[in-house]
RNA sequence: GGGCGGUUAGCUCAGCUGGUUAGAGCGCCUGCCUUACAAGCAGGAUGUCGGGGGUUCGAAUCCCUCACCGCCCACCA
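What follows is the structure in structure tokens.
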């Protein structure tokens, strides 16, 4: 019997069951048809990496999105929430390599083809685990539309996007200085480099003039790069050096690999800062971005002196084969022996580290593929400035704008094996490049068939940046694309504002402006944007407000929390702390409190069901399905009935208002206060005395009270449902004794200010007097 | 070097566009197994809202300033 609930709420007993039910019944699948119906509410789930497990940040993200999705769905909006996972190039490749290392083998030993196979195996195991965890959290996504960023369909779209950009002249390939990760041996973008303040040394080194008439002292933090020096620059306005400009220096140590000491010029360049060091700066175009720029300005040669692993690459030299740091020590030593090391000082500097591997980034000259970003950035700036995309909190609009206005070309290529391979083919005969959607039979230039495909893959964020339209079938003009693009809202963390949000805006606006509207008209920018709104949430920290990190050992596993307190309690905790713009200090104590809240609701249901049963025993069964057609609460109804229904209406209105502005904490607290404070503490206590079915004289009143109680409770469950989907689903079905009016409470309607009960004016004041009286008596 | 956020009860945090005795959870104190719930009920204590100055009839809330904490961005050897 559904009314026979255990005394204590046990989430584990019901959550798996409902998660499976929502899945098998495909409750949240949305067809593309239904033209002319209300505008859909569409969201794209930020795809988790297939590298491992979900963390608290994912759970916060999914909780917020799920609350909004369920709320919109219950308000009657066709709601589509698309889930998926990301192949996460570097991150996944590293995991697989680590796994191989544990097996005593390596990527190189396996070869590209078999390595990629292994990566796919990894994906099916760990990608699957992540999806299972999402299901456990109750995310009301449309599983029929689930994607993986390297699926065949998405691969086609990625190639199409790349080829189009190439055809538009926006992609170029060239030898430029890039951020090089010597551990993964790949280029990474500026965003993938994190900077850390570290105390190092600055070395003052004497470079003698070629004619022996004197010397100049340069300052450097990376003496090993002097092997690739091609000049020394001084500021044109620097009085100290004006006479030396144009003269030649003999580069120390260069005789060891060049036969004789190489002569390099002193040149004037305003980059040299007279205030810094000695005012004279060595120029190494192949190993420093600033020096590269100087080299370009003065047409200097670019000498590469390090290999892919950041070892000195100068055959014949005593430094050959040494790691850059070992080489540094050796060079400093040698300079000292030569009497050319003038001074070594401690120096605090910002050092670039690879976000993924932690390796010190080595600026390196290499051939890479770039996207000319300015035209895309211009459109992306316009979209936000015109208000076609709105940020919450608004401060991120500014952050975004500043980044977008100072953007650099995007290095798209990665020297990895796991990822979308660049659709370009090199001709062995004429060395030309053929970029094509499908493997070309012959070189587009000379017709030779000696073609080999480019070995580089694309930056992961290139494919994920296309997702808002590729998930809906682009480049096909599919019904999904027509119906669901642009998406309504993106919910994500600030950590991927530039990586992902900004890229989606650029690529979405750029490609979609060329796709006509469903009626054939030209697409305005407001309809080309990938989403109309962005809600950016903060970080989930531990209870002490510390950032969670494996090294600190304070990482909280959401799945563990869920199995201990129930998904609803954890969700509610996150929601009740999710204030826009503020980090969340996840507190287990608070989660316990919310588990108590779930238990409170559970027991309120038990009390109500007990009375329904008592009424039935007294010969007055209540038909839940008939409650909707009962007259509304009138002025002749008891005060507490008028009051609780008014409170419900007011709360429903306020919750909706809070959710409209993404004030999750407020929405959650409102439901909490209504349910516990108003409904349980006051209303239930007062109504208890009326529920006397034994006394025939009181039966009419008792039945009326029970009716209002049931109607209010049923509406309260719906009010709470987006926040606590499992518990409310269970109780809602129980309330209807297993025969509910809809397959799920998620498909019922959200309470509004009018529905189910209109507010009664003045009742709050009258109730307040009664409450004051009762408190006084106590 | 730019930019942003924070500083409110013992702890973790709310307090939106300024308005009656500043709130929540947990913790603490007192009394209750009242037949929905001890993961509960009733009651209680606790805050010169970081310091200073200003605007206002009125400021935790707006402005200035100082202090401390945190974050983001940036090619200064």
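In our numbering, the protein residues as written are 1 to 778. Beta carbons are placed, not taken as given, at the ideal position from N, Cα and C, and that holds for glycine. None of these values were measured; they are calculated from a predicted model.
(request) Report all residues from its chain with a CB closer than 7 Å to the CB of residue 52; omit the five preceding and five following residues, and keep chain order. (result) Within the first chain, numbered from 1, the residue matching residue 52 stands at position 52. Taken in chain order, the residues that qualify are 126.
(message) Which of the three DSSP states is assigned to residue 630 in this structure?
(response) The residue given as residue 630 occupies position 630 in the first chain. In this structure, residue 630 counts as coil in the three-state DSSP scheme.
(message) Among 60, 762, 347 and 100, whose alpha-carbon lies nearest the alpha-carbon of residue 138?
(response) On the first chain, position 138 is the one that residue 138 refers to. When each option's Cα is compared against that of residue 138, the closest is 60.
(request) Taking residue 584 as the reference, give the member of 556, 469, 422 and 32 with the closest Cα. (result) Within the first chain, the letter at position 584 stands for residue 584. For the residues 556, 469, 422 and 32, the minimum Cα distance to residue 584 belongs to 556.
(message) Beta-carbon within less than 6 Å of residue 1's beta-carbon, same chain only, minus the 5 sequence neighbours each way: which residues are those?
(response) Numbered from 1 along the first chain, position 1 holds the residue referred to as residue 1. Bear in mind that a pLDDT of 37 at residue 1, under 50, signals an unreliable position, so the number given afterwards is only what the model happens to contain. Cβ within range, chain order: n/a, list empty.
(message) One question on the structure: do residue 185 and residue 308 come within less than 8 Å of each other, judged by their Cβ atoms?
(response) The count along the first chain starts at 1 and reaches residue 185 at position 185. The count along the first chain starts at 1 and reaches residue 308 at position 308. Contact: yes.
(request) Decide if residue 10 is buried, meaning its Cβ has at least 16 other Cβ atoms within 10 Å, or exposed. (result) Stepping through the first chain from its first residue, residue 10 is reached at position 10. Residue burial annotation: residue 10 is exposed, with fewer than 16 other C-beta atoms found within 10 angstroms of its C-beta.
(message) For residue 782 and residue 6, what's the separation of their Cα atoms in angstroms?
(response) For the chain, the structure presents residues 1 to 778; residue 782 sits outside this window and is missing.
(request) Output yes or no for whether 8 Å exceeds the beta carbon distance between residue 471 and residue 145. (result) Numbered from its first residue, the first chain carries residue 471 at position 471. Numbered from its first residue, the first chain carries residue 145 at position 145. Going by C-beta atoms, residue 471 is nearer than 8 Å to residue 145.
(message) Just verifying my parser: in three-state terms, what is the DSSP assignment at residue 86?
(response) For this step, residue 86 is matched to residue 86 along the first chain. When secondary structure is reduced to three states using DSSP, residue 86 falls in the strand class.
(request) Under 6 Å Cβ to Cβ from residue 373, same chain only, skipping five residues before and after it: list those, please. (result) As a working note, residue 373 is residue 373 in the first chain. Closer than 6 Å at the Cβ level, and outside the excluded window around residue 373, lie 407, 409 and 410.
(request) Look at the alpha carbon of residue 525 and the alpha carbon of residue 375, and state the distance between them as a whole number of angstroms. (result) On the first chain, residue 525 is found 525 positions in, with the first residue counted as 1. On the first chain, residue 375 is found 375 positions in, with the first residue counted as 1. Approximately 14 Å between the Cα atoms of the pair.
(request) Check residue 764 in the structure and name its three-state DSSP category. (result) Position 764 of the first chain, counted from the first residue, corresponds to residue 764. It is helical.
(request) Indicate whether the contact test is met: 3 or more Cβ pairs, each with one atom in the segment 271-291 and one in the segment 226-241, closer than 8 Å. (result) The segment 271-291 is in contact with the segment 226-241.
(message) Using C-beta distances below 7 Å, list every residue in its chain close to residue 346, excluding the 5 sequence neighbours before and after it, in chain order.
(response) In the first chain, residue 346 corresponds to position 346, counting from 1. The answer, listed in chain order, is 199 and 201.
(request) Would you give the residue range spanned by the beta strand (DSSP E) that residue 537 belongs to? (result) The residue given as residue 537 occupies position 537 in the first chain. 531-537 is the span of the beta strand (DSSP E), which, as asked, contains residue 537.
(request) Tell me the start and end of each unbroken alpha helix (DSSP H) in the segment 227-295 that is at least 4 residues and wholly inside, in chain order. (result) Here the runs fully enclosed are 255-258.
(request) Have a look at residue 554 and residue 248 and give me their C-alpha separation to the nearest angstrom. (result) Residue numbering aside, residue 554 sits at position 554 when the first chain is read from its first letter. Residue numbering aside, residue 248 sits at position 248 when the first chain is read from its first letter. Annotation: residue 554 to residue 248 spans about 58 Å, alpha carbon to alpha carbon.
(request) In the DSSP assignment, find the alpha helix (DSSP H) that holds residue 593 and state where it starts and stops. (result) Residue 593 sits at position 593 when you count from the first residue of the first chain. Per DSSP, residue 593 belongs to the alpha helix (DSSP H) from 588-617.
(message) Restricting to Cα atoms, I'd like to know which of 50, 73 and 298 is closest to residue 132.
(response) Residue 132 sits at position 132 when you count from the first residue of the first chain. Ranked by Cα distance from residue 132, the options 50, 73 and 298 are led by 50.
(request) Round the Cβ separation of residue 675 and residue 706 to the nearest angstrom and send it over; I've been treating them as touching at under 8 Å. (result) Sequence index remark: in the first chain, residue 675 carries index 675 (1-based). Sequence index remark: in the first chain, residue 706 carries index 706 (1-based). In fact, because the Cβ distance is near 19 Å, the residues do not count as touching under 8 Å.
(request) Closer than 8 Å by C-beta to residue 559: which residues in its own chain qualify, once you throw out the five before and the five after it? Chain order, please. (result) In the first chain, the residue the question calls residue 559 occupies position 559. Excluding residues within five positions, the ones whose Cβ falls inside 8 Å are 53, 54, 133 and 136.
(request) Please confirm whether residue 304 and residue 286 have their CB atoms less than 8 Å apart. (result) Your numbering for residue 304 matches position 304 in the first chain. Your numbering for residue 286 matches position 286 in the first chain. It is a contact, given that the beta carbons lie within the stated cut-off.
(request) Assign residue 689 to one of two classes, buried (16 or more other C-beta atoms within 10 Å of its C-beta) or exposed (fewer than that). (result) Walking along the first chain from the start, residue 689 turns up at place 689. So residue 689 ends up on the exposed side.
(request) Quick one: grab the DSSP three-state call for residue 115. (result) Reading the first chain from its first residue, position 115 is the one you call residue 115. If DSSP states are grouped into helix, strand and coil, residue 115 belongs with the helices.
(request) Scan the segment 318-391 and note each continuous alpha helix (DSSP H) run of 4 residues or more that stays entirely inside, going in chain order. (result) Runs found: 324-337 and 374-385.
(message) Assuming the contact rule is C-beta atoms closer than 8 Å, residue 741 and residue 625 should be a hit. Round their C-beta distance to whole Å, please.
(response) Here residue 741 is taken as the residue at index 741 of the first chain, counted from 1. Here residue 625 is taken as the residue at index 625 of the first chain, counted from 1. Between residue 625 and residue 741 the Cβ distance is about 7 Å, and since that is below 8 Å, they are a contact.
(message) Between which residues of its own chain and residue 40 is the CB-CB distance below 8 Å, once the five residues before and five after are set aside?
(response) Here residue 40 is taken as the residue at index 40 of the first chain, counted from 1. The residues are 30, 77, 78, 79, 80, 483, 484 and 488.
(request) Following the continuous beta strand (DSSP E) through residue 523, name the residue where it begins and the one where it ends. (result) Taking the first residue of the first chain as position 1, residue 523 is located at position 523. Element bounds for residue 523: n/a, residue is neither H nor E.
(message) Suppose contacts are defined by Cβ-Cβ distances below 8 Å. Is residue 512 in contact with residue 528 by that definition?
(response) Within the first chain, residue 512 is the residue found at index 512, counting from 1. Within the first chain, residue 528 is the residue found at index 528, counting from 1. Yes, Cβ-Cβ distance for residue 512 and residue 528 is below 8 Å.
(request) Identify which residue in 534, 157, 213 and 510 has its Cα closest to the Cα of residue 523. (result) Position 523 of the first chain, counted from the first residue, corresponds to residue 523. The candidate whose alpha carbon is nearest that of residue 523 is 510.
(message) Taking its Cβ as the centre, do 16 or more other Cβ atoms sit within 10 Å of residue 630, making it buried, or is it exposed?
(response) Within the first chain, residue 630 is the residue found at index 630, counting from 1. With fewer than 16 other Cβ atoms within 10 Å, it is exposed.
(message) As a quick exercise: from 496, 101 and 12, pick the residue whose alpha carbon is nearest that of residue 598.
(response) Here residue 598 corresponds to residue number 598 of the first chain, with the count starting at 1. The residue with the shortest Cα to Cα distance from residue 598 is 12.
(request) State the DSSP-derived secondary structure class of residue 779, mapped to helix, strand or coil. (result) Outside the shown range of the chain (1 to 778) lies residue 779, about which nothing can therefore be said.
(message) Quick check: what's the CA-CA separation for residue 700 versus residue 680?
(response) Counting from 1 along the first chain, the entry for residue 700 is found at position 700. Counting from 1 along the first chain, the entry for residue 680 is found at position 680. Rounded to the nearest angstrom, the two C-alpha atoms are 23 Å apart.
(message) What does the alpha-carbon distance come out to for the pair residue 618 and residue 738?
(response) Counting from 1 along the first chain, the entry for residue 618 is found at position 618. Counting from 1 along the first chain, the entry for residue 738 is found at position 738. Taken atom to atom, the span from the alpha-carbon of residue 618 to that of residue 738 is near 22 Å.
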